[in-house]
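Down below is the structure, laid out as structure tokens.
2 protein chains.
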Amino acid sequence: MADANDPRARLELLELLWRGGQRPSRGPKPKLTLDQIAQAAISLADAEGLDALSMQRVATELGYTTMSLYRYVSGKDQLVELMTDKAAGDPPPYTGDPADWRAELEAWVHALWELYLRHPWTLRAQLSTPPAGPHQLAWFEAALRPLTRAGLTGGDAISATLLLLAAVRQFAGFAVDMTAGRARAGLTTEESEAGYDAALREFVDPDRYPALTALIGDGVFQPTGLPDSGIGLDLDFGVHRVLDGIESYVRARREQGP
Amino acid sequence: MADANDPRARLELLELLWRGGQRPSRGPKPKLTLDQIAQAAISLADAEGLDALSMQRVATELGYTTMSLYRYVSGKDQLVELMTDKAAGDPPPYTGDPADWRAELEAWVHALWELYLRHPWTLRAQLSTPPAGPHQLAWFEAALRPLTRAGLTGGDAISATLLLLAAVRQFAGFAVDMTAGRARAGLTTEESEAGYDAALREFVDPDRYPALTALIGDGVFQPTGLPDSGIGLDLDFGVHRVLDGIESYVRARREQGP
DNA sequence: TAAAACTGTGTATCACTTACACAAAACAGT
DNA sequence: ACTGTTTTGTGTAAGTGATACACAGTTTTA
Numbered sequence: 214m215a216d217a218n219d220p221r222a223r224l225e226l227l228e229l230l231w232r233g234g235q236r237p238s239r240g241p242k243p244k245l246t247l248d249q250i251a252q253a254a255i256s257l258a259d260a261e262g263l264d265a266l267s268m269q270r271v272a273t274e275l276g277y278t279t280m281s282l283y284r285y286v287s288g289k290d291q292l293v294e295l296m297t298d299k300a301a302g303d304p305p306p307y308t309g310d311p312a313d314w315r316a317e318l319e320a321w322v323h324a325l326w327e328l329y330l331r332h333p334w335t336l337r338a339q340l341s342t343p344p345a346g347p348h349q350l351a352w353f354e355a356a357l358r359p360l361t362r363a364g365l366t367g368g369d370a371i372s373a374t375l376l377l378l379a380a381v382r383q384f385a386g387f388a389v390d391m392t393a394g395r396a397r398a399g400l401t402t403e404e405s406e407a408g409y410d411a412a413l414r415e416f417v418d419p420d421r422y423p424a425l426t427a428l429i430g431d432g433v434f435q436p437t438g439l440p441d442s443g444i445g446l447d448l449d450f451g452v453h454r455v456l457d458g459i460e461s462y463v464r465a466r467r468e469q470g471p
Numbered sequence: 214m215a216d217a218n219d220p221r222a223r224l225e226l227l228e229l230l231w232r233g234g235q236r237p238s239r240g241p242k243p244k245l246t247l248d249q250i251a252q253a254a255i256s257l258a259d260a261e262g263l264d265a266l267s268m269q270r271v272a273t274e275l276g277y278t279t280m281s282l283y284r285y286v287s288g289k290d291q292l293v294e295l296m297t298d299k300a301a302g303d304p305p306p307y308t309g310d311p312a313d314w315r316a317e318l319e320a321w322v323h324a325l326w327e328l329y330l331r332h333p334w335t336l337r338a339q340l341s342t343p344p345a346g347p348h349q350l351a352w353f354e355a356a357l358r359p360l361t362r363a364g365l366t367g368g369d370a371i372s373a374t375l376l377l378l379a380a381v382r383q384f385a386g387f388a389v390d391m392t393a394g395r396a397r398a399g400l401t402t403e404e405s406e407a408g409y410d411a412a413l414r415e416f417v418d419p420d421r422y423p424a425l426t427a428l429i430g431d432g433v434f435q436p437t438g439l440p441d442s443g444i445g446l447d448l449d450f451g452v453h454r455v456l457d458g459i460e461s462y463v464r465a466r467r468e469q470g471p
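Which chain is which? The protein sequence lines are A and B, in order. The numbering of the first sequence is my numbering, which starts it at 214 and goes up by one. The numbering of the second sequence is my numbering, which starts it at 214 and goes up by one.
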């Protein structure tokens with residue numbers, strides 16, 4: 214099995230991602246499958262987070278010994294990579310007006326946001342390559358289609374996809390981290406938000422942080438009762454700006470020629 | 214010392230962030246300082262990454278025992294939070310035209326990008342609260358100023374800051390992950406990029422991924438020789454779109470009234 | 001009917017975090 | 001000055017986790 218410090222590890226990973234780890238015909242029939250292992254690991258990570266994910270626990274969950282997993286996976290890192298692609302699943306098909314690329318991208322963003330809230334640990338997974346698995350690329354494809362239709366070409370379409378991806382990932386990350394931190398502190402959402410507001414009021418010096426102080430004074434950081442402290446709305450705002458920016462870019466290029 | 218599963222942990226953290234862990238007057242004079250510990254930990258994380266960061270190694274680096282660190286810090290998690298704020302430092306002062314909010318934000322983005330490349334591990338640090346340290350907030354403030362001047366108010370200014378922050382963080386994350394993965398595989402940049410292109414060509418099915426296939430055919434994924442595989446340029450593209458979007462939003466609001 | 005290849009397992013090693021208790025050090029109040 | 005209290009740095013030990021390695025049993029191939 215290829216060491217992690219080896220170019221072969223990348224090829225091996227691709228093989229597993231795309232061909233699901235076909236086994237040679239010799240030897241005993243495997244009792245487990247890669248898919249089964251990845252599924253058990255995903256369930257565990259969903260329920261208790263990436264920190265609670267250990268080879269031991271996955272193995273126990275499946276009723277096998279820890280070391281048996283190493284017959285399917287070169288190590289924990291590789292397992293996480295496989296989990297990440299599997300958990301991504303396929304993006305939901307877009308059913309709206311095919312000409313409305315903005316709506317299609319908004320739906321994409323929304324679906325991805327939900328995916329990350331469903332599998333928060335994927336945001337912390339350390340991947341060794343750019344997206345290369347079938348599901349990761351399916352999401353990529355689903356964004357490229359409307360962007361291409363909007364009029365973006367080549368590298369611009371990639372850049373725009375990455376920009377939207379960046380926004381969703383980070384905003385989801387903000388939301389997830391806040392929820393996790395809140396839960397670890399044993400606070401309600403309201404308590405947590407009020408505590409943050411109070412902390413800002415206590416420590417933020419108006420001379421050093423004038424703009425921030427003004428916002429605090431406006432009550433911007435007070436508890437809102439919104440889910441995820443309103444991060445979803447921040448994301449909506451951001452996506453709207455980004456799509457506006459893309460639209461005006463395409464228009465300018467069209468009018469002015471390349 | 215407050216357990217992590219305790220609201221007091223948050224107050225304790227704030228105390229350390231803002232008042233640097235003042236010590237009671239009784240007892241032996243401490244030989245270490247919080248700052249010293251954080252600095253050693255930052256150097257280690259810079260050099261070898263967050264995985265290599267252990268209490269043992271930090272202590273050894275300083276010439277003390279592992280457990281001595283626990284007199285200054287409640288645990289590794291808290292240390293990482295302190296490191297993150299300290300490593301953020303203060304944003305460089307903006308020296309350009311004060312009326313040119315776009316240039317100011319571009320400079321901010323650029324400085325932040327460099328910060329993340331200098332301290333890549335901060336992108337993986339798990340923080341228990343929204344930004345609450347003096348340096349984190351200083352960066353926040355530095356973005357709020359030009360955005361406020363641009364004409365954004367209240368929650369909009371926050372949303373826009375988060376959007377730009379999201380872009381920089383994630384693009385830096387892409388760059389960092391690619392570099393790390395490349396290094397672990399023992400490949401040159403060129404080899405790594407060529408390998409990715411080759412993998413896409415091998416596995417991507419034109420029927421299932423038509424838009425992606427078109428891009429691959431255009432040679433978009435071929436090695437470029439650009440630093441960080443051109444991610445910096447993708448970020449520039451993205452920031453340009455975002456600023457355009459913000460600008461048109463402000464203009465529309467001004468013309469139409471709130 | 002071997003020989004070869006592969007599976008699941010038991011064992012062992014190494015690194016890590018952190019709880020706990022102890023002795024020495026420094027201060028506070030008398 | 002003195003004594004009790006608080007705090008520091010340390011030694012020890014427990015618990016968890018990743019993973020290397022060798023072994024015995026299983027299945028296929030020649």
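Note that CB positions come from ideal geometry on N, CA and C, so glycine has one too. Remember, it's a predicted structure, so these values are computed and weren't measured experimentally.
Chain A contact for W231 (chain B) (CB, 8 Å cutoff): yes
Chain B contact for A254 (chain A) (CB, 8 Å cutoff): no
Nearest candidate by alpha-carbon position, reference K244 (chain A), set A:D264, A:T278, A:L227: A:T278
A215 (chain B) in three-state terms, based on DSSP: With a pLDDT of only 46 at A215 (chain B), under the threshold of 50, the placement of this residue in the model should not be trusted; the figure read from the coordinates follows. In this structure, A215 (chain B) counts as coil in the three-state DSSP scheme.
Three-pair Cβ contact test at 8 Å for the segment 414-431 of chain B versus the segment 459-470 of chain B: no
CB contact flag (P359 (chain A), W326 (chain A), <8 Å): no
Length at least 4, wholly inside the segment 253-310 of chain B: the alpha helix (DSSP H) runs in chain order: 268-275, 289-301
Amino acids of chain B, ordered along the chain, whose beta-carbon sits closer than 7 Å to that of I459 (chain A): R454
Cβ-based burial, P343 (chain B) [other Cβ within 10 Å; buried from 16]: buried
8 Å Cβ cutoff, Q339 (chain A) in contact with chain B: yes
Reference A355 (chain B), options B:T374, B:G364, B:L295, closest by Cα: B:T374
Nearest to G302 (chain B) (by Cα), restricted to the options B:F353, B:L257, B:L448: B:F353
Endpoints, the alpha helix (DSSP H) within which D449 (chain B) is located: 444-469
Exposed unless 16 or more other CB atoms sit within 10 angstroms - verdict on A424 (chain A): buried
Collapsed DSSP secondary structure at Y409 (chain A) in the structure displayed: helix
Inter-residue spacing [alpha-carbon to alpha-carbon] between L295 (chain A) and A379 (chain B): 25 Å
Reference R337 (chain A), options A:D290, A:A312, A:V452, A:R223, closest by Cα: A:D290
Neighbour list for Y422 (chain B) in chain A, Cβ cutoff strictly below 7 Å: L350, E354
Short CB-CB distance (under 8 Å) between Y462 (chain A) and chain B: yes
Neighbour flag for S267 (chain B) against chain A, beta carbons, 8 Å: no
Cβ neighbours of L275 (chain A) in the same chain (closer than 6 Å, five flanking residues each side left out): A253
First and last residue of the uninterrupted alpha helix (DSSP H) at D390 (chain A): 367-398
Alpha carbon of D390 (chain B) to alpha carbon of S238 (chain B), nearest angstrom: 46 Å
Nearest residue (CA-CA) to V417 (chain B), options A:R221, A:G443, A:E228: A:E228
Positions along the segment 425-438 of chain A whose CB lies within less than 8 Å of some CB in chain B: L425, A427, L428, D431, V433
W334 (chain A), enclosing alpha helix (DSSP H) - first and last residue: Careful: W334 (chain A) lies outside any alpha helix (DSSP H) and carries neither H nor E.
Chain A contacts from the segment 403-417 of chain B (Cβ-Cβ distance under 7 Å): G408, Y409, A412, F416, V417
Sequence-distant residues of the same chain with beta carbon closer than 6 Å to P251 (chain A), five excluded per side: In the sequence as displayed, the identity of residue 251 (chain A) is Ala instead of Pro. Excluding residues within five positions, the ones whose Cβ falls inside 6 Å are L295, M296, K299.
Below-8 Å beta-carbon distance, E468 (chain B) vs any chain A residue: no
Length of the line joining the Cα atoms of R232 (chain B) and D219 (chain A): 46 Å
Cβ neighbour criterion (16 or more within 10 Å) applied to R414 (chain A): exposed
CB contact below 8 Å: D383 (chain A) versus chain B: One point to set straight first is that residue 383 (chain A) is Gln, not Asp, in the sequence displayed. By this cut-off, Q383 (chain A) is an interface position.
Assigned exposure category for Q469 (chain A) - 16 Cβ within 10 Å defines buried: exposed
S372 (chain A): contacting residues in chain B (beta-carbon distance under 7 Å): D447, F450, G451
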